[in-house]
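Participant: Residue numbers (the numbering used here): 8 to 102. C-beta: ideal position from N, C-alpha, C; glycine also. Just so it is clear, the structure is predicted and the values come from calculations on it, not from any experiment.
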Amino acid sequence: MTNVEISLIFTDIAAMLKLKKDNIFKIRAYEKVACSIAELKEPVAKLVAEDRLKEIPGAGEAIAKKLTELVNTGRLAFYEKLKAEFPQRQPSAHA
Numbered sequence: 008m009t010n011v012e013i014s015l016i017f018t019d020i021a022a023m024l025k026l027k028k029d030n031i032f033k034i035r036a037y038e039k040v041a042c043s044i045a046e047l048k049e050p051v052a053k054l055v056a057e058d059r060l061k062e063i064p065g066a067g068e069a070i071a072k073k074l075t076e077l078v079n080t081g082r083l084a085f086y087e088k089l090k091a092e093f094p095q096r097q098p099s100a101h102a
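1) Between residue 77 and residue 63, is the Cβ-Cβ spacing less than 9 Å?
2) How long is the line joining the alpha carbons of residue 44 and residue 13, rounded to whole angstroms?
3) Can you round the beta-carbon distance between residue 81 and residue 36 to whole angstroms, since I take them to be within the 8 Å contact cut?
4) Which of the three DSSP states, helix, strand or coil, is assigned to residue 38?
5) What did DSSP end up calling residue 88 once you bin it into helix, strand or coil?
6) Between residue 93 and residue 26, how many whole angstroms is the CB-CB distance? I'm expecting something under 8 Å.
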């Protein structure tokens, strides 16, 4: 999975959290990490393999775990759950 694809997923998560009126700090964290990933020079997969996810601005422990799950499995349970809550919503271009 490319950095652009990962960034789009995290942007989509932030958008759905906004729709749910979730915690603004949580939303901003997902937005920040999405932007950070889009600007990375190295693949996120390399950072996962080298246990360097904390180098990504905005990637705290919870987001680092989600990035690891996404890179290792190609899926993210949290994202799938959110998408199920919004069946009428148009997915991002990556979905």
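Facilitator: Looking at the coordinates:
1) Cβ atoms of residue 77 and residue 63: not closer than 9 Å.
2) Going from the Cα of residue 44 to the Cα of residue 13 covers about 7 Å.
3) In fact, because the Cβ distance is near 23 Å, the residues do not count as touching under 8 Å.
4) Shown here, residue 38 sits in a helix according to DSSP, grouped into three states.
5) Residue 88 falls in the helix class under three-state DSSP.
6) Between residue 26 and residue 93 the Cβ distance is about 7 Å, and since that is below 8 Å, they are a contact.
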